[in-house]
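Everything on this sheet refers to the single structure shown next.
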């Protein structure tokens, strides 16, 4: 620790070059941060409550399930409570303002303790047929306030009274998520399933998915089997999966794009690291006479090794921290815009931790060879060279 | 005096870089070739040019002693170009597929909604639409149209085995006539009223089990693939079957859209007016070109922008890397340069040779990066969300124009990365440099 001023002075021995290198490192870690933002978006994780939720959908895409199945599932041993939801589409004002919207059973939020909703607002949703609950991000984006009416256009149901696909809801509550990991859920709207179903030209009594909360002791596979067996060989065969599996199958739809972008950015990150590593290694090589001087002054081999390593790790840490900070700002800005077709959430501790580990590893690799050389340096040879 | 001179130099350099970068963006290959010819002429015919060429020769002959620096420039700039070309080829391929979809002579009629998924048209409405003037008519005086349904099937992908969504389009018997670009390339088309389907060649490349003779399980019914078609647009990612039979299989009566072939593109206004003025209908009428262009712009735009942003960040990193090694090179060669200056070499050949060296390396890097991107991604098959959650399958398109863009980026980085150190080399006072160790 006492050598830190010395390391610092060495780092800024050639100020211009160090600054240039720092900018390269910054660019590399900016990419790293953005990449991790994308990676997290494409690998959705469930909250703890989500691990207890099982989703049942029709084996055949684009078809609904009879809502009456819900009461059958309630009788399955190991199932605590059941609710249902349908994707209903729609946009606000402009077709570009699309978001995820679901028509849900009025007790839906009982299964979602991870959506923080004031008890009064939850009760209001249970009691208001035309009620709607929206996530905080979305409310902020459109400046919605509790108590106002929100008209949605072109939903997937035709309104019996108007003959159009436009519906108006009373905003009765706004929820926040309890876990940063599912922050993108705040861009959704929930309305009452019974209102939409009974108000539709063709009331189908169908739900897109039925959601069962299971006992923590019950295995996912056993629960899925117990539920699916109820409809086997009927005209509405089902597939039951975990929340995480459902989300994954959704994100897989983006297909290779996410995968390819990730692969390319990873390659870019390591290329940049290679460049900076090379430059940093050269900087140390150039200071051979200085290091030799230190050793002839009585610095131990290990101290010199440590100082050179510290210097390269410090370089990576300075540039990397700036880059990650920039990435954090950029990602939260993009997610605030809410217009990205891929949900992005803010970079969390996980990304920073991975980034810091990356900085230390990269700094060590970059510094290893020069540090080793510095340690093995024969003072007389090194000093006489110049 | 000295200060104002320095300020002038800084302003001059900045202006030159800005002007060069501006010119770069709009440069076409012909101008570029002309510049190269001029440069070669200068190197061969004038005295400073010959000196610069001589210095460049010396510099290139010592490259091997500076392997690290050389690799930094080549790998850095090659990386930028590879990333740029790879990502842009994705957005271009996607764009090409989408742009080929739809034309001005076919019209899509939807119930009062803007997407096919949320539209619903009854057979009665389809009959009314068929009577309107403006549509192309066959010999019997019937309108050439196809009433269509759109569903999704989940099938395993060849690559991962995981199930993905594939759009299943129920079409009328005259769908091929209406669209004009649908061509059966293998097998035959489906027979109306039977459980037969034809598959787009794009869908067949990505999804397993879609060869002719194989069957697909739809709502516990077996449908047989009897043919494959090409259309060079988004429909290549779909399955086609008979609309009415599919509607029965899924117990979904009615249609989502009606595709009508117009007598001529000019007949659109007349046709649209006839439909929108009919109070029984309440429909949304657009040319298919308009429909497909507007509904799918955002993803292409996003990818395009992401590609540019990532390449730009990468370029900044590579630029600083290049600057760094060029400065170091000038520094390590300062004695050599000073000796030449003392022998009577001007500043101009010194500057020119340093810049040319960096730009040659940049060109090499750019070419390598472009070649890498081409070899990996040209005609690479990708898939993503299409309309209504079916997959959209497209091929990456590494075009000549894209490779040219990549090369321009490489040269721009080489130019800026070489220019500043070159100026430093040109300004190096000989006496000081010679004395320095």
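Residue numbers (the working numbering), protein chains in the order written: chain D, 3 to 388; chain C, 3 to 439.
For glycine and all other residues, C-beta sits at the position ideal for the given N, C-alpha and C.
Helix, strand or coil at residue i [DSSP, three-state]
i, result
"residue 102 of chain C", "coil"
"residue 239 of chain C", "helix"
"residue 59 of chain C", "helix"
"residue 288 of chain C", "strand"
"residue 220 of chain D", "coil"
"residue 158 of chain C", "strand"
"residue 294 of chain C", "helix"
"residue 48 of chain C", "coil"
"residue 114 of chain D", "coil"
"residue 166 of chain C", "strand"
"residue 514 of chain C", "Absent from the structure is residue 514 of chain C, since the part of chain C shown begins at 3 and ends at 439."
"residue 93 of chain C", "helix"
"residue 67 of chain C", "helix"
Residues near residue i in its chain [Cβ-Cβ closer than 8 Å; skip 5 each side]
i, result
"residue 315 of chain D", "361, 362, 365, 366, 369"
"residue 266 of chain C", "107"
"residue 365 of chain C", "409, 412, 413, 416"
Same chain, Cβ closer than 6 Å to residue i, neighbours up to 5 away in sequence not counted
i, result
"residue 220 of chain C", "251"
"residue 54 of chain C", "351, 354, 355"
"residue 344 of chain C", "432"
"residue 244 of chain D", "222"
"residue 128 of chain D", "108"
"residue 90 of chain C", "309, 404"
"residue 262 of chain C", "109, 137, 147"
"residue 363 of chain C", "75, 76"
"residue 372 of chain C", "83, 87, 405, 408"
Chain C contact for residue i (CB, 8 Å cutoff)
i, result
"residue 9 of chain D", "no"
"residue 225 of chain D", "no"
"residue 284 of chain D", "yes"
"residue 273 of chain D", "yes"
"residue 118 of chain D", "no"
"residue 32 of chain D", "yes"
"residue 320 of chain D", "no"
"residue 22 of chain D", "yes"
"residue 368 of chain D", "no"
"residue 310 of chain D", "no"
Endpoints, alpha helix (DSSP H) assigned at residue i
i, result
"residue 125 of chain D", "121-129"
"residue 174 of chain C", "Run containing residue 174 of chain C: none; DSSP gives neither H nor E here."
"residue 124 of chain C", "Segment: none, residue 124 of chain C is in no alpha helix (DSSP H) and carries neither H nor E."
"residue 434 of chain C", "432-437"
"residue 360 of chain D", "351-378"
"residue 337 of chain C", "336-344"
"residue 271 of chain C", "270-278"
"residue 7 of chain D", "6-13"
Residue i at chain D interface by Cβ criterion, 8 Å
i, result
"residue 57 of chain C", "no"
"residue 85 of chain C", "yes"
"residue 70 of chain C", "yes"
"residue 241 of chain C", "no"
"residue 330 of chain C", "yes"
"residue 89 of chain C", "yes"
"residue 92 of chain C", "yes"
"residue 308 of chain C", "yes"
"residue 322 of chain C", "yes"
"residue 77 of chain C", "yes"
7 Å Cβ shell around residue i - same chain, five flanking residues per side excluded
i, result
"residue 141 of chain D", "176"
"residue 92 of chain C", "305, 384, 398"
"residue 282 of chain D", "23, 314, 317, 368"
"residue 264 of chain D", "37, 40, 41"
"residue 476 of chain D", "Past the boundaries of the shown model lies residue 476 of chain D; chain D is included only from 3 to 388, so the question cannot be answered."
Where the beta strand (DSSP E) containing residue i begins and where it ends
i, result
"residue 232 of chain C", "223-232"
"residue 113 of chain C", "108-113"
"residue 259 of chain C", "259-263"
"residue 241 of chain D", "240-244"
heavy atom of the ligand ZN below 7 Å from residue i C-beta
i, result
"residue 77 of chain C", "Ligands displayed in this structure: none; no statement on the ligand ZN is therefore possible."
- Task: Pick out the complete alpha helix (DSSP H) segments inside the region 177-219 of chain C, 4 residues or longer, and give them in chain order.
- Result: Those alpha helix (DSSP H) runs which fall completely within the region 177-219 of chain C and span 4+ residues are 177-181, 203-208.
- Task: Only counting runs of 4 or more residues, tell me where the alpha helix (DSSP H) segments fall wholly within the region 51-103 of chain D, in order along the chain.
- Result: Entirely contained in the region 51-103 of chain D, the alpha helix (DSSP H) runs reaching 4 residues are, in chain order, 71-76.
- Start-end ranges of the beta strand (DSSP E) lying completely within the region 354-417 of chain C, minimum 3 residues: Runs found: 383-387, 393-397.
- Item | Inside the region 291-345 of chain D only - alpha helix (DSSP H) runs reaching at least 4 residues | Qualifying alpha helix (DSSP H) stretches, in chain order: 303-339.
- Quick one: complete beta strand (DSSP E) runs, 3+ long, within the region 133-211 of chain D? Fully contained in the region 133-211 of chain D are the following beta strand (DSSP E) runs of length 3 or more, in chain order: 133-137, 151-157, 169-179, 190-194.
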